[in-house]
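For reference, the structure discussed in these notes is given below.
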Amino acid sequence: MAEPRDASITIIGGGAIGCAVAYFLARAGHRDIQVLEATELCGQTSSQAAGLVGQVRLSPERTRLAMHSVAFFSSLEELTGISPDWRQCGSLRISLTPERTAEHLAMADVANDCGLEVQFLDSAALQEVFPAVKAAQIHSTLWCPTDGYLQPNSLVNAYVAGARSLGVTFATNARVTAISTNGRRVTSVSTKLGTISTSTVINAAGPWAGVVAEMVGVKLPLVPVRHEYFISEQIPGWHRDLPVLRIPDLRIYARAEGSAVLCGGWEANAASLDPRALNAASVLSVEPDFEVLSNFHESIASVIDGLDDIGVQSVFRGYPAFSPDGRFVVGPVQAIEGFVMAAGCNAHGVSGSAGLAEHVLESMEPSPSPYVRSLSPQRFLETSWEYPQARQLAQSAYENYYALGASAQGGSPGEKR
Ligand SMILES: Cc1cc2nc3c(=O)[nH]c(=O)nc-3n(C[C@H](O)[C@H](O)[C@H](O)COP(=O)(O)OP(=O)(O)OC[C@H]3O[C@@H](n4cnc5c(N)ncnc54)[C@H](O)[C@@H]3O)c2cc1C
45 MAEPRDASIT
55 IIGGGAIGCA
65 VAYFLARAGH
75 RDIQVLEATE
85 LCGQTSSQAA
95 GLVGQVRLSP
105 ERTRLAMHSV
115 AFFSSLEELT
125 GISPDWRQCG
135 SLRISLTPER
145 TAEHLAMADV
155 ANDCGLEVQF
165 LDSAALQEVF
175 PAVKAAQIHS
185 TLWCPTDGYL
195 QPNSLVNAYV
205 AGARSLGVTF
215 ATNARVTAIS
225 TNGRRVTSVS
235 TKLGTISTST
245 VINAAGPWAG
255 VVAEMVGVKL
265 PLVPVRHEYF
275 ISEQIPGWHR
285 DLPVLRIPDL
295 RIYARAEGSA
305 VLCGGWEANA
315 ASLDPRALNA
325 ASVLSVEPDF
335 EVLSNFHESI
345 ASVIDGLDDI
355 GVQSVFRGYP
365 AFSPDGRFVV
375 GPVQAIEGFV
385 MAAGCNAHGV
395 SGSAGLAEHV
405 LESMEPSPSP
415 YVRSLSPQRF
425 LETSWEYPQA
435 RQLAQSAYEN
445 YYALGASAQG
455 GSPGEKR
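For any residue, its number in this note's numbering is found by taking its place in the sequence shown, counting from 1, and adding 44.
Okay, here's the thing in structure tokens:
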């Protein structure tokens, strides 16, 4: 790994977002880029992700963007020489209620308009694709054969390899402790290893992005909200090519991890951290909440056969950063020239990493699209808000991730899982 050095562009954070941004900027012709990472590359939230990538949405724009991400992940090995372990196993959206089926019908219409292949499966077809499903419990199932999942560590390795081949340097164990300005623009960044000159800082510090923004006196409502899933012991019949399951009525998702079950979900009562209590050195450790995990287990066992008595092998968890409106926070901060946000991933920063990186790139151009402008941090800098209310709204964005109609509101187009 490189040492911190003077650079034109300094990206703070070496998770999925920082590494994707580095790769996309370098691919677009930007030069003299470095990534400064406090710990190890992909050492924090990104390493914990389930890696789900889904395309079925309620709006054509979102569907097309998600299709674009899938096409990109499919080509990443060719582009960088490293496979993101993208597995195009398909996905099943399982409905247990007529209201959810109505939502799936609307999603299928959008998919058809966009040229995304989806299909409602009858019981026989469903059992063929996923033999352990308790078909009698199910109201309808929407099948998307081109969805899938990837391995977050492999994805980050691919971004890093691609970025390195274009000259980007990566310094690890290089926590940023301060950012200096001349009152108007960014001039340097201090790390525990020394101070370097830079004219552009991109803040991709994940759950610490609010802390890094405060280093230039900018307050942003980025709230770490707990998210977790378990991986079971091996289960007969489970294998890595089984489709991803989303069961929004039970607030859960699942996929095979090898021959085990990976199952997580969106709690009805989210747990978050007060952003004001964090500093650059805060360690965000999460104790597994076995009550929550056992609810996920009971939910999946009610719909899938053979899961009643499974043991838990491991728990993955972290604090992805949520924004009060459930949307990415991307683009320059107008008051500080050279300070750009790449944060607020709302727990879809792995599947959304390529899209978010493209938005960052576009936000730095003279005329970004209205959509990219709508993600600007200015929406929180030009209005008044208070931390307690922002925290409540961010938790609500988490709690309503699978709520009926949620994909039509807020959120970042095409970039949910
Ligand atoms: C259990 C779980 C399951 C998930 N499943 C999915 C999924 O299926 N699909 C999906 O898309 N997303 C998923 N997510 C969300 C996803 O993990 C995040 O959205 C994504 O990892 C955010 O990436 P990031 O780069 O912004 O953050 P991080 O990976 O946390 O990276 C930020 C980096 O910044 C560094 N940093 C912070 N402060 C400083 C500093 N001062 N100086 C230098 N470096 C600093 C940190 O060390 C860290 O490495 C899941 C999250 C969890 C917890």
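Backbone N, C-alpha and C fix where the C-beta goes; we use that ideal spot for every residue, glycine too.
### Task
Within 10 angstroms of the Cβ of M259, are there 16 or more other Cβ atoms? Answer buried if so, exposed if not.
buried
### Task
Would you decide whether N323 is buried or exposed? Buried here means 16 or more other CB atoms lie within 10 Å of its CB.
exposed
### Query
Hey, is the segment 100-113 in contact with the segment 77-86, meaning 3+ C-beta pairs nearer than 8 Å?
no
### Query
Between F214 and G58, which are expected to be in contact by the criterion C-beta below 8 Å, what is the C-beta distance as a whole number of angstroms?
6 Å
### Task
Return yes when at least one heavy atom of ligand 1 lies under 7 Å from the C-beta of T83, else no.
yes
#### Entry: Cβ pair count under 8 Å reaching 3, the segment 233-245 against the segment 271-284
no
#### Entry: Pairwise C-alpha distance: M111 and I354
35 Å
### Query
Can we say the segment 394-405 touches the segment 351-370, given the rule of at least three CB pairs closer than 8 Å?
no
### Contact set for A93: own chain, Cβ-Cβ below 7 Å, skip 5 residues either direction
P196 and V394
### Query
Between Y445 and the rest of its own chain, which residues show a CB-CB distance below 6 Å, the 5 nearest in sequence each way excluded?
W310
### Query
Can you tell me whether G238 is buried or exposed, with buried defined as 16 or more other CB within 10 angstroms of its CB?
exposed
### Message
Using only the alpha-carbon positions, how far apart do A434 and A168 sit?
### Response
47 Å
### Query
So, using beta-carbon positions, are R219 and A82 closer together than 8 Å?
yes
### Task
Using only the heavy atoms of ligand 1, determine whether one of them is closer than 7 Å to the beta carbon of Y273.
yes
### Buried versus exposed, by CB contacts within 10 Å (16 or more), I55
buried
### Query
Is it true that the segment 134-143 meets the segment 175-195, where meeting means three or more beta-carbon pairs spaced less than 8 Å apart?
yes
### Query
Is it the case that the CB of G58 approaches a heavy atom of ligand 1 more closely than 7 Å?
yes
### Task
Return the chain-ordered list of same chain residues with a C-beta closer than 6 Å to the C-beta of L437, the five sequence neighbours on each side being excluded.
P368
### Query
Quick one: what's got a C-beta closer than 6 Å to D50's C-beta in the same chain, skipping five residues either side?
I240 and S241
### Message
Tell me the DSSP secondary structure of E406 in three-state form.
### Response
helix
### Query
Going along the chain, which residues of its own chain have a beta-carbon closer than 7 Å to the beta-carbon of S303, five neighbours each way excluded?
Q278, I279, W282 and H283
### Message
Can you check which of these residues, D352, P319 and A345, is closest to Y363 by C-alpha distance?
### Response
P319
### Task
Report yes if the C-beta distance between V374 and A386 is below 8 Å; otherwise report no.
yes
### Query
Going along the chain, which residues of its own chain have a beta-carbon closer than 7 Å to the beta-carbon of V114, five neighbours each way excluded?
V97, Q99 and T190
### Query
When every heavy atom of ligand 1 is checked, does at least one fall within less than 7 Å of the C-beta of W252?
yes
### Query
When the Cα atoms are used, what is the spatial distance from E47 to G227?
27 Å
### Query
Is the closest heavy atom of ligand 1 to the C-beta of I61 under 7 Å?
yes
### Task
May I ask you to check if the CB of R137 is nearer than 7 Å to at least one heavy atom of ligand 1?
no
### Task
Out of A325, V212 and L448, state which residue places its alpha-carbon closest to the alpha-carbon of A249.
A325
### Task
Please report how far the alpha carbon of G458 lies from the alpha carbon of W130, in whole angstroms.
Residue placement at G458 is poorly supported in this model, since its pLDDT is 44, which falls under 50; the coordinates still yield a value, given next. Spanning the two alpha carbons is a distance of roughly 18 Å.
### Local Cβ density within 10 Å of A441, reported as buried at 16 or more and exposed below that
buried
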